[in-house]
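Structure first, commentary second.
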Amino acid sequence: MKSRVKSSYSQLIRKGLVYLAAIGVALFILIPIYLITVMAFSPEDVIYGYPKPFIPQQLTAETILFFLNSYKMLDSVRISMIVAIVTLVISLLVGAPAGYALARYIFAGQDAYRILILSTRAFPMVILSIPLAQTYIQWHLDDTIMGVALMHTAMALPTTILVTSSVFVGISKELEEAALTLGCSRFTAFRRIILPLALPGLAASAIFTFVLSWNEVFAAAILTVHNRTMPARLIVGLGGSPATFKFAGGFIMLVPAIVFMFFVRRYLFSLWGIKLK
Amino acid sequence: MAEIRVENVRKVFGKVVAVKDVNLTVPDREFAVLLGPSGCGKTTLLRCIAGLEQVDGGHIFIGDQEITNLSPRDRRIAMVFQSYAVFPHMTVFDNIGFGPRMQHVPKPEIKKRVQSTAEMMHIEDLLERYPAQLSGGQRQRVAVARALAAQAQVLLMDEPLSNLDALLRLEMRAELKALMDELDTTVVYVTHDQVEALSLGDRIAVMHSGEFMQVDEPMKVYDHPAAQFVGGFIGNPPMNFLTARLADDGTTVLVNETRLPIAPETAAHLRATGQRTVWLGIRSENIDPLDAHTEGALSARVIVAEPLGSHILLTVKMGDAIVKVNAHSDSAFRSGQDIWLRPVPEKIRWMDKESGQALN
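If you read the sequences in order, they're chains A and B. Under the numbering used here, the residue at position 262 of the first sequence is numbered 1226, and the numbers go up by one with no gaps. Under the numbering used here, the residue at position 37 of the second sequence is numbered 218, and the numbers go up by one with no gaps.
Encoded structure:
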């Protein structure tokens, strides 16, 4: 209490403003999530009614279940999940070593390589879509889960490489060298020292990739016909659907990202705490 | 427990030759210090011995085995890093036990080794902690303990004390010295701190631009610097260097019109090379400051008098040269005062004005 009194008003006000801003940001994100969730679990007459109650009077899983059972939605959710996970795994398997190389080694054309990585993101998907679809058909990759995953990997790789590279830069080279002098091979030094320390950063990069793949609409929509990911199917099918479906769809879109975030949250926090400069 | 031999080792970074064909033998159990200003190549040489850098020429031996192209883990070395490089995700116990664990030492033996090295470094109460919970000094102890626990033949240390605060550094220095006297390990220790080098080393290798200027026992390096660079780098304050001109008689020199004797062989060298001037090197404690003129004393004027407790450090101006002189702490020299300096004749070192090499 005493320190409270001592601390000046301006400090108090600043603290208050920070909290206010934090609460504002949280509400900005949480209110739509809350409303979508409530609507997704409300019976049809409530959804079409006006005004909609802020506190739900009556909950039902009917809308969600009906939604999931129609339009091959359950299938799409499954496909989306697989695509996101495959994308995540491939882009980490390919991107993390590239990031490591960028962080640890000096090689000819390093800067050019960096720019090249970024420049792949400079091509708008819209321009690429026709040749891409053509190539996919030629390679028989069209309408396959792997095809979409590869496309998403290509889109995610630049950020994966650059993020993981900055993660590895943040881990002192001397730690690795200490391990080498203490009897590790390059590989065991990486596995026992660098990898555990890089995990938070790699997790952050994985979240990024997962969310990117989960939300990606355009490529998924043009490359698939039957094996559509969730967003692709929603975008195609939901335009003319009733509001009940829209809410249910929105909810289903939200859940995996939130659940995934919940699991890697621990790593994210330590990432902010100590790991990245 | 092994001799280290470095033969003609060369290391190049791009266009910069960091280590220029150096030769060094560190006998078994010796504590050798690589001393030099930053960028002189001392750390690079150490890293070459550790196997963290590939040499561009030459050979390195530990004992009878050539290790030039072996990976670090096959060299039977242990290293203490400047940043300590303590693994942050492992407890102190696991850090110290990391080396033995990689060598597949049985578990009970690892435990015994960790315990005993931890006791040696006085960190036996910290074994369950993580590095983040330790102070800088404690982390440093963990780093040394980890290197010791590996029981390598050769211990390499890269400025291990430079990140500690002054008081802790003094304490660790003494402790390290006592510890190394007790152990039979051959040590190569890199530092830019000349006091550290003098206090710890059995021998000091003074490095400058990738080359050894002198490899000698500490007092030898201090008292008989082999080159002007060494005299100027070692000692606080550094050695004074005055320009002395060979007198017409060819057997004495003149420093600011004061005649000083010079050794016949030094004079002969000057005559032979046709040089007229030579460096006179003298340490501040080897100059007697006098308040009255006597034969063979150089006239000067006190600019600053700094009482340092054990003595008073005088900065005096002699002609164009600035000279540092130690005066007795009871003396009453004040700034602005005229003073006469008498260098102790047997402590004068002559150095070639062009090459900087010592002549006597």
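Backbone N, C-alpha and C define an ideal beta-carbon position, used for all residues, glycine too. None of these values were measured; they are calculated from a predicted model.
Query raised in the report: Which chain B residues sit within Cβ distance under 8 Å of A/PRO1160?
Result: The contacting residues are HIS270.
**Report entry** Option in B/PHE393, B/VAL483, B/HIS240 with minimal Cα separation from B/GLN538
**Finding:** When B/PHE393, B/VAL483, B/HIS240 are compared, the shortest CA-CA separation from B/GLN538 is found for B/PHE393.
Query raised in the report: Who are the neighbours of B/GLY280 on chain A, taking C-beta pairs under 8 Å?
Result: What B/GLY280 touches in chain A: LEU1146, GLY1147.
Query - Unbroken alpha helix (DSSP H) run spanning A/ALA1185, endpoints - result: Segment 1182-1187, the alpha helix (DSSP H) holding A/ALA1185.
Query raised in the report: Would a C-beta distance cut-off of 8 Å place B/LEU216 and B/MET388 closer than the cut-off?
Result: Closer than 8 Å, so yes.
Query raised in the report: Grouping DSSP H, G and I as helix and E and B as strand, with all else coil, what is B/HIS389?
Result: In this structure, B/HIS389 counts as strand in the three-state DSSP scheme.
Query raised in the report: B/THR538 by DSSP, collapsed to three states: which one?
Result: According to the sequence shown, residue 538 of chain B is Gln rather than Thr. Strand, per DSSP.
Requested in this report: Check whether the Cβ atoms of B/ASN437 and B/LEU471 lie closer than 8 Å to each other.
Outcome: Cβ distance not < 8 Å, so B/ASN437 and B/LEU471 don't count as in contact.
Query raised in the report: Which residues in the same chain have their Cβ closer than 7 Å to the Cβ of B/ALA333, if we skip the five residues on either side of it in sequence?
Result: So the list reads ARG257, ILE258, ALA259, once near-sequence residues are dropped.
Query - Boundaries (first-last residue) of the beta strand (DSSP E) holding B/PRO524 - result: Following the DSSP letters along the chain, one finds B/PRO524 inside the beta strand (DSSP E) bounded by residues 519-524.
Query - Interface residues of chain A facing B/ILE243 [CB-CB closer than 7 Å] - result: Simply none; closest approach about 13 Å.
**Report entry** Three CB pairs or more closer than 8 Å across the segment 1148-1155 of chain A and the segment 1164-1174 of chain A
**Finding:** Between the segment 1148-1155 of chain A and the segment 1164-1174 of chain A there are fewer than three inter-stretch CB-CB distances shorter than 8 Å, so the stretches are not counted as touching.
Query raised in the report: Since B/ILE258 meets chain A, which of its residues come closer than 9 Å, beta carbon to beta carbon?
Result: Against chain A, the beta carbon of B/ILE258 has neighbours under 9 Å at THR1145, listed in chain order.
Query - Residue nearest to B/LEU360 in terms of C-alpha spacing, selected from B/LEU348, B/ALA347, B/ALA328 - result: Closest option to B/LEU360, judged by alpha-carbon separation, among B/LEU348, B/ALA347, B/ALA328: B/ALA328.
Requested in this report: Decide yes or no for the touch test of the segment 428-446 of chain B against the segment 412-419 of chain B: beta carbon pairs closer than 8 Å, at least 3 of them.
Outcome: By the Cβ criterion, the segment 428-446 of chain B is not in contact with the segment 412-419 of chain B, since fewer than three pairs of Cβ atoms, one from each stretch, lie closer than 8 Å.
**Report entry** Residue from A/ALA1113, A/PRO1122, A/ALA990 whose Cα sits closest to the Cα of A/LEU1052
**Finding:** Comparing Cα-Cα distances from A/LEU1052 to each of A/ALA1113, A/PRO1122, A/ALA990, the minimum goes to A/ALA1113.
Query raised in the report: How would you label B/LYS223, buried or exposed, when you count the other beta carbons within 10 angstroms and need 16 or more for buried?
Result: By the neighbour-count rule (16 or more Cβ atoms within 10 Å), B/LYS223 is buried.
Report task. Compare the C-alpha of A/MET1089 against each of A/GLN975, A/ALA1183, A/LEU1187 and name the closest. Result -> Closest option to A/MET1089, Cα to Cα, is A/ALA1183.
Report task. Count the other CB atoms, across all protein chains shown, that sit within 10 Å of the CB of B/LYS505; report buried if there are 16 or more and exposed otherwise. Result -> Buried, since its Cβ has 16 or more Cβ neighbours within 10 Å.
Report task. With 8 Å as the C-beta to C-beta threshold (strictly closer), list the residues of the segment 226-240 of chain B near chain A in chain order. Result -> Residues of the segment 226-240 of chain B whose Cβ lies closer than 8 Å to any Cβ of chain A, in chain order: ALA231, GLY232, LEU233.
Query raised in the report: Is it right to say A/LYS966 is buried, meaning 16 or more other beta carbons lie within 10 angstroms of its own, or is it exposed?
Result: Note that A/LYS966 scores a pLDDT of 48, beneath 50, so its modelled location is shaky; the value from the coordinates is reported in the next line. Classification for A/LYS966: exposed.
Query raised in the report: Among A/SER1083, A/LEU1066, A/ALA1196, which residue has its Cα nearest to the Cα of A/ASP1107?
Result: Nearest of A/SER1083, A/LEU1066, A/ALA1196 to A/ASP1107, Cα basis: A/ALA1196.
Query raised in the report: Between B/ARG254 and A/LEU984, is the Cβ-Cβ spacing less than 8 Å?
Result: The answer is no: Cβ separation not under 8 Å.
Query raised in the report: Closest Cβ-Cβ distance between A/ALA1142 and chain B: below 8 Å?
Result: Put simply, the CB of A/ALA1142 is near chain B, with a gap under 8 Å to one of its CB atoms.
**Report entry** Residues of the segment 978-996 of chain A with Cβ closer than 8 Å to any Cβ of chain B, in chain order
**Finding:** Residues passing the 8 Å Cβ filter: none.
Query - Nearest-angstrom Cβ-Cβ length linking B/VAL190 and B/VAL207, presumed shorter than 8 Å - result: About 13 Å separates the beta carbons of B/VAL190 and B/VAL207, which is beyond the 8 Å limit, so they are not a contact pair.
**Report entry** According to DSSP, residues forming a beta bridge with B/THR424
**Finding:** Residue pairing of B/THR424 in beta bridges, as defined by DSSP: B/TRP460.
Report task. Note the first and the last residue of the continuous alpha helix (DSSP H) segment covering A/LEU1166. Result -> Counting along the chain, the alpha helix (DSSP H) containing A/LEU1166 begins and ends at 1159-1179.
Query raised in the report: B/TYR370 and B/ALA213 look like a contact to me (Cβ under 8 Å); what is the Cβ gap, rounded to whole Å?
Result: With 8 Å as the limit, B/TYR370 and B/ALA213 qualify as a contact, their Cβ atoms being about 7 Å apart.
**Report entry** Residue range of the beta strand (DSSP E) that includes B/ASN189
**Finding:** First-last of the beta strand (DSSP E) with B/ASN189: 185-194.
Requested in this report: Spatial neighbours of B/HIS492 within its chain, please: CB distance less than 7 Å, with the 5 preceding and 5 following residues excluded, ordered by chain position.
Outcome: Excluding positions up to five away in sequence, the list reads ASN507, ALA508, HIS509, SER510.
**Report entry** Distance, A/PHE1018 Cα to A/ALA1025 Cα
**Finding:** For A/ALA1025 and A/PHE1018, the gap between their C-alpha atoms comes out near 18 Å.
Requested in this report: May I ask you to list the residues that DSSP assigns as paired with B/LEU315?
Outcome: None; B/LEU315 has no bridge partner.
Requested in this report: Select from B/THR496, B/ILE248, B/VAL236, B/GLU305 the residue whose C-alpha is nearest the C-alpha of B/VAL483.
Outcome: Scanning B/THR496, B/ILE248, B/VAL236, B/GLU305 for the CA closest to the CA of B/VAL483 turns up B/THR496.
**Report entry** Segment contact flag, the segment 277-287 of chain B with the segment 227-243 of chain B, C-beta cutoff 8 Å, min 3 pairs
**Finding:** Contact between the segment 277-287 of chain B and the segment 227-243 of chain B is absent, because fewer than three Cβ pairs lie under 8 Å.
Query raised in the report: Which residue from B/GLY462, B/ILE443, B/ILE230, B/HIS450 puts its Cα closest to that of B/VAL335?
Result: The shortest Cα separation from B/VAL335 among B/GLY462, B/ILE443, B/ILE230, B/HIS450 belongs to B/ILE230.
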